[in-house]
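For the sequence shown, the UniProt record's numbering gives the first residue as 1, with consecutive numbering after it. This report concerns only the one structure given below.
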Amino acid sequence: MSTNNRILLIDSYDSFTLNLAALIRRVTGAEVVTIHNDSVAPDILISKYLPFFDAVVIGPGPGHPANPADAGVLPYMWKLSDVDSGLLPIFGVCLGFQSLVLAAGGDVVRLPEPKHGQVAMIEHDGNDIFTGIEGPFESVRYHSLHGKLLQADDCDNTIEPLAWTDDPHTTYKVLMAGKHTQKPFWGVQYHPESICSTHGDTVIKNFWEQAKEWSAANGRRTKSTDSGNDYQELNNLYSIKPQAFPKEINQVQNNFYDIAYTSLDLPSIPMDYAAVLIGEALHKNNQDFTLLNSAAFPGRWGVIGLLEDNETVCIKHYNEYFPEYVFLSKWNGSEQKIKLSDTKTGIWGFLSNYMAPKVQKYKDAINVDDNCENIPGKAPPGATFCGGLTGYLSYEAPQDLESYPSRATLEPIVKGDNRPYPDVNLVDIERMILLDSAEKRAYVLSLKERDGVKSPWFKETEELIRVALTQETLNIPDTCAAYFGPQETVSVQMPDKEKYINRILEAQEELRAGNSYELCMTGQTTITLPKAVHPWDLYKVLYKRNPAPYSCLMDLPGATLVGSSPERFMSWSARTGRCEFRPIKGTVKKSDSMTYEKASAILNTPKERGENLMIVDLIRHDLNALLDAVRVEKLMGVEEYKTVYQLVSVICGDLADKGDDSAYSGFDVLIHSLPPGSMTGAPKIRSVEILRDLEDRMPRGIYSGVSGYWSVLDEGDWSVVIRSAFQYKGEGENVWRIGAGGAITILSDPEDEWHEMSIKLESALQAFE
1 MSTNNRILLI DSYDSFTLNL AALIRRVTGA EVVTIHNDSV APDILISKYL
51 PFFDAVVIGP GPGHPANPAD AGVLPYMWKL SDVDSGLLPI FGVCLGFQSL
101 VLAAGGDVVR LPEPKHGQVA MIEHDGNDIF TGIEGPFESV RYHSLHGKLL
151 QADDCDNTIE PLAWTDDPHT TYKVLMAGKH TQKPFWGVQY HPESICSTHG
201 DTVIKNFWEQ AKEWSAANGR RTKSTDSGND YQELNNLYSI KPQAFPKEIN
251 QVQNNFYDIA YTSLDLPSIP MDYAAVLIGE ALHKNNQDFT LLNSAAFPGR
301 WGVIGLLEDN ETVCIKHYNE YFPEYVFLSK WNGSEQKIKL SDTKTGIWGF
351 LSNYMAPKVQ KYKDAINVDD NCENIPGKAP PGATFCGGLT GYLSYEAPQD
401 LESYPSRATL EPIVKGDNRP YPDVNLVDIE RMILLDSAEK RAYVLSLKER
451 DGVKSPWFKE TEELIRVALT QETLNIPDTC AAYFGPQETV SVQMPDKEKY
501 INRILEAQEE LRAGNSYELC MTGQTTITLP KAVHPWDLYK VLYKRNPAPY
551 SCLMDLPGAT LVGSSPERFM SWSARTGRCE FRPIKGTVKK SDSMTYEKAS
601 AILNTPKERG ENLMIVDLIR HDLNALLDAV RVEKLMGVEE YKTVYQLVSV
651 ICGDLADKGD DSAYSGFDVL IHSLPPGSMT GAPKIRSVEI LRDLEDRMPR
701 GIYSGVSGYW SVLDEGDWSV VIRSAFQYKG EGENVWRIGA GGAITILSDP
751 EDEWHEMSIK LESALQAFE
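Following this line, the structure appears as structure tokens:
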């Protein structure tokens, strides 16, 4: 018979709830089951499922507790009257606490000035759930609304205040915690689970101890999970657990061949520039290729993937064009449309199954010894990409997932085009050139059977590299204007400033209403050139003007991406089990007068830190659904790039080694974390829905999505598509787009936000002007 303690966590579609689940699990040791507030009917939840739990925690969420669409089952929980009717200890956080105050006869009103990602001093009397905490302590506030107790003399408040905080915009202290005077109900307005909150563990521990004492004193016994199948039914049908995508080994691994490679010493030139010289030689030879070129930390490797006619596999999927199919072709070859076998996992299940036999084949090929080369079957020392999928996933690509906001009809980008740009656009690289900036070496590598190291292809590619790296300095113009005549002009259509600022004001009204904490609003600029410029020529200019850690060229079927992103979205290593996210929020333009110290002072204001903190907590939430040992290794550090200073955090977690297909892979983590939180705001689901309307239901497309690779070594590295130019080939070869935007918080000044958007836009736009 099971004797484990169990706590039910009710989520109101927030993006911090699973941080709370991790905190509860760590402090109490109990099993935590998390469900949405509208997934189970109130009567069924109370009669059928609550008896299995020792306590309930009602988490945060957007909206107002008086709105049934926002609150779901919450009001019914506070109506429980005695043990026979299901009464049990309950702890509310933020929206959960507000709903308690409302149910107890209080009011929930707007703050004069919302507090989102702001650290406050929490005052308390040291009793009850604050026992053991000496004096005021720091915790994070994420709320536009707050509970207010009635003050009339004849009112018998059933909520006893336990904590409060001073607020410069009110004439009274704002209620931060309280408890019901007759029932085992407690709650806090602030977020104890935030990375910048203190004493959250103590508060949860105190609640848990009081919950157990109350149950013992009132004779409440928890129903055993061995009693029928109801508990497993709740867990299987309603608990929030992302699905691991299938990993069928349905191909014969003998179809894949050992890694073969040769190496060359690089001359004393920067690795990223060597990649450009080699790319130029390939371009002149009419060899198509993709390029992932790291011009700064944290990248080490440059990857040139060679695209071969009628051999390289191309994989495309469209959200709005036969979404139940995947389109497969060979490079410059014919295409076939294949129906997806599993509509539930869709394109993601297809990709997982596509890579599974390759990952199985090459799982032991990683070479961790930097001193040993040409070990049979092993990759070059330290290499993470040795073939596999590379390309992009659009911002809207994951909209078929259950965790994504409800599907919505968006305006077509290319009017009258029956076949839009691909939302998933990947190529399977089997021949490549790798550049190692740490060891100053180039590798020619192949996974093809016919490519032994003595084959003509190896010899020809080695010679191409040698010749390319001995050429004179490459003459790269400062702008694409060099490719036009003096009388030809570039047309640039930016977002309308008045409309953009009005949208910022609309976004801030959503924040005041409690519907979001932060909204990452964007706009797109369209550039029309007098004639077509080859993507490689544009890449060279952008590389020169704005070198970045995630510089890339992906001239793929249906769309082209020329990128200079500074932001890693996610990297993973199956060998170490480590997953890493590096969100950027907070930007200061470099100038002759702007020093690192000045930029640090600007970026460490409450507004900038609040923006970054909200995304850190959001990513922690995403990872806590999938990974073990989620941790923040860098919190809001200032990093310097060629054109800007940025506020950067690093969040990591470990893949669980379960030894079976139920374990999450790095690919699972990637897909279930999309779209990037730094491009949505928080809570993610509600924010995406609001942003759709603010942005006139125009798809963001490639912008705000991710680009990168998934290696056969089961290593991945994906960046956020920002500071980049992209092209939909249905619009014409002379039309390019650039997206830019910023995080809108209640502290945002509309003019400043317009200026910040313009700075980000300029980082890529300068290549055209």
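Beta carbons are placed, not taken as given, at the ideal position from N, Cα and C, and that holds for glycine.
Range covered by the alpha helix (DSSP H) that runs through N624: Within the sequence shown, the letter at position 624 stands for residue 624. N624 -> alpha helix (DSSP H) spans 606–624.
Whole-number beta carbon distance between Y190 and R141, since they are thought to touch under 8 Å: Here residue 141 refers to the residue found at position 141 of the sequence shown. Here residue 190 refers to the residue found at position 190 of the sequence shown. Contact between R141 and Y190 holds, since their C-beta atoms are separated by about 5 Å, short of 8 Å.
Among M521, E31, V562, E762, nearest to T290 - alpha-carbon criterion: The residue given as residue 290 occupies position 290 in the sequence shown. If you compare the alpha carbons of M521, E31, V562, E762 with that of T290, the shortest gap goes to V562.
Separation of E160 from A128, as counted between CA atoms: Walking along the sequence shown from the start, residue 128 turns up at place 128. Walking along the sequence shown from the start, residue 160 turns up at place 160. The sequence given here places Asp at residue 128; Ala does not occur at that position. Cα-Cα distance, rounded: 11 Å.
Nonlocal neighbours in the same chain, by C-beta distance under 7 Å from Q493, ignoring five residues either side: Along the sequence shown, one-based indexing puts residue 493 at 493. These residues qualify, in order along the chain: T525, T526.
Proximity winner among P60, R300, Y257, A260, relative to A275 (alpha-carbon distances): In the sequence shown, counting from the first residue as 1, residue 275 sits at position 275. Out of P60, R300, Y257, A260, the CA that lies nearest to the CA of A275 is found in R300.
Exposed unless 16 or more other CB atoms sit within 10 angstroms - verdict on S491: As a first step, residue 491 must be located in the sequence shown, where it is residue number 491. Exposed is the call here.
Secondary structure of F185, DSSP reduced to three states: Position 185 of the sequence shown, counted from the first residue, corresponds to residue 185. F185: strand per DSSP, three-state reduction.
G382 beta carbon less than 8 Å from that of D436: Translated into the one-based positions of the sequence shown, residue 436 becomes position 436. Translated into the one-based positions of the sequence shown, residue 382 becomes position 382. Yes, the Cβ-Cβ distance between D436 and G382 is below 8 Å.
CB of T745 within 8 Å of CB of K607, strictly: The count along the sequence shown starts at 1 and reaches residue 745 at position 745. The count along the sequence shown starts at 1 and reaches residue 607 at position 607. Contact flag set, yes.
DSSP-derived helix/strand/coil call for E639: One-based indexing of the sequence shown puts residue 639 at position 639. Collapsing the DSSP output to three states places E639 in a strand.
W331 - containing alpha helix (DSSP H), residue span: For the purposes of this step, residue 331 is identified with residue 331 of the sequence shown, where counting begins at 1. Run containing W331: none; DSSP gives neither H nor E here.
Contact between the region 59–71 and the region 7–20 (3+ Cβ pairs under 8 Å): By the C-beta criterion, the region 59–71 is judged to be in contact with the region 7–20, since at least 3 inter-stretch pairs fall below 8 Å.
Rounded separation between P557 and N425 - CA only: Residue 557 sits at position 557 when you count from the first residue of the sequence shown. Residue 425 sits at position 425 when you count from the first residue of the sequence shown. If you take the alpha carbons of P557 and N425, they lie about 8 Å apart.
Alpha-carbon to alpha-carbon, L307 and M1: One-based indexing of the sequence shown puts residue 1 at position 1. One-based indexing of the sequence shown puts residue 307 at position 307. Note that M1 has pLDDT 33, beneath the 50 cutoff, so the model's placement of it is unreliable and the number below is only indicative. Rounded to whole angstroms, the gap between the alpha carbons of M1 and L307 is 59 Å.
Length of the line joining the Cα atoms of F97 and G200: Against the sequence shown, residue 97 aligns to sequence position 97. Against the sequence shown, residue 200 aligns to sequence position 200. A straight line joining the alpha-carbon of F97 with that of G200 spans about 15 Å.
Assigned secondary structure, E580 (DSSP; H/G/I helix, E/B strand, else coil): Here residue 580 refers to the residue found at position 580 when the sequence shown is read from its first residue. In the three-state reduction of the DSSP assignment, E580 falls in the strand class.
Inter-stretch contact at 8 Å, needing at least 3 Cβ pairs: the region 614–627 / the region 674–686: The region 614–627, when compared against the region 674–686, does touch it at the 8 Å Cβ threshold.
L277 beta carbon less than 8 Å from that of L18: Working through the sequence shown from its first residue, we reach residue 18 at position 18. Working through the sequence shown from its first residue, we reach residue 277 at position 277. Remark: C-beta atoms of L18 and L277 do not approach each other more closely than 8 Å.
Contacts around A438, its chain only, beta-carbon distance under 6 Å, and the 5 residues preceding and following it disregarded: By 1-based counting over the sequence shown, the position of residue 438 is 438. Same-chain partners within the cutoff: R300.
Uninterrupted beta strand (DSSP E) stretches inside the region 32–94 (no shorter than 3 residues): Taking only runs of at least 3 residues, the beta strand (DSSP E) segments lying wholly in the region 32–94 are 55–58, 90–93.
Nearest neighbour of V720, chosen from P549, D364, P168 [CA to CA]: In the sequence shown, residue 720 corresponds to position 720, counting from 1. For V720, the closest of P549, D364, P168 by C-alpha to C-alpha distance is P549.
Buried or exposed by the 16-neighbour rule on C-beta atoms within 10 Å, applied to S564: If you number the sequence shown from 1, residue 564 lands on position 564. Burial check for S564: the Cβ neighbour count within 10 Å reaches 16 or more, so the residue is buried.
Cutoff 6 Å; reference Y76; Cβ partners in own chain excluding five residues on either side: What you label residue 76 is simply residue 76 of the sequence shown in a count that begins at 1. Leaving aside the five residues that flank Y76 on each side, the residues in its chain whose CB is nearer than 6 Å to its CB run, in chain order, P42.
Alpha carbon of L603 to alpha carbon of E463, nearest angstrom: Counting from 1 along the sequence shown, the entry for residue 603 is found at position 603. Counting from 1 along the sequence shown, the entry for residue 463 is found at position 463. If I take the Cα positions, the gap works out to 48 Å.
Sequence-distant residues of the same chain with beta carbon closer than 7 Å to A513, five excluded per side: Here the question's residue 513 lines up with position 513 in the sequence shown. Spatial neighbours of A513 in its own chain (CB-CB distance under 7 Å, excluding positions within 5 residues in sequence) are listed in chain order as S144.
Distance between P699 and E396 (C-alpha atoms, nearest Å): The residue given as residue 396 occupies position 396 in the sequence shown. The residue given as residue 699 occupies position 699 in the sequence shown. Each residue's CA atom was taken as its position, placing E396 and P699 some 7 Å apart.
Residue of M636, K79, G187, T181 minimising C-alpha distance to F130: Position 130 of the sequence shown, counted from the first residue, corresponds to residue 130. Out of M636, K79, G187, T181, G187 has the C-alpha closest to the C-alpha of F130.
Extent of the continuous alpha helix (DSSP H) to which Y318 belongs: As a first step, residue 318 must be located in the sequence shown, where it is residue number 318. Taken as a continuous stretch (DSSP letters only), Y318 belongs to no alpha helix (DSSP H), as it is neither H nor E.
Three-state secondary structure assigned by DSSP to S2: In the sequence shown, the residue the question calls residue 2 occupies position 2. A caution first: S2 carries a pLDDT of 43, below 50, which makes its placement in the model unreliable, though a value can still be read off. Coil.
First through last residue of the beta strand (DSSP E) which encompasses R110: In the sequence shown, counting from the first residue as 1, residue 110 sits at position 110. Residues 107–124.
Residue from Y257, N515, W457 whose Cα sits closest to the Cα of E449: The sequence position of residue 449 within the sequence shown is 449, counting from 1. Checking every option, the nearest Cα to that of E449 belongs to Y257.
Beta-carbon contacts of T312 that lie in its chain and below 6 Å, excluding the five residues immediately before and after: For this step, residue 312 is matched to residue 312 along the sequence shown. Counting only Cβ-Cβ distances below 6 Å, and skipping sequence neighbours, we find W331, V427.
Stretch pair the region 100–109 + the region 166–184: three plus CB contacts closer than 8 Å: Contact holds between the region 100–109 and the region 166–184, because three or more Cβ pairs, one in each stretch, are under 8 Å apart.
Alpha-carbon to alpha-carbon, S455 and residue 771: Within the shown structure, residues of the chain are numbered from 1 to 769, placing residue 771 beyond reach of any answer.
Segment contact flag, the region 471–482 with the region 529–544, C-beta cutoff 8 Å, min 3 pairs: Contact between the region 471–482 and the region 529–544 is present, because at least three Cβ pairs lie under 8 Å.
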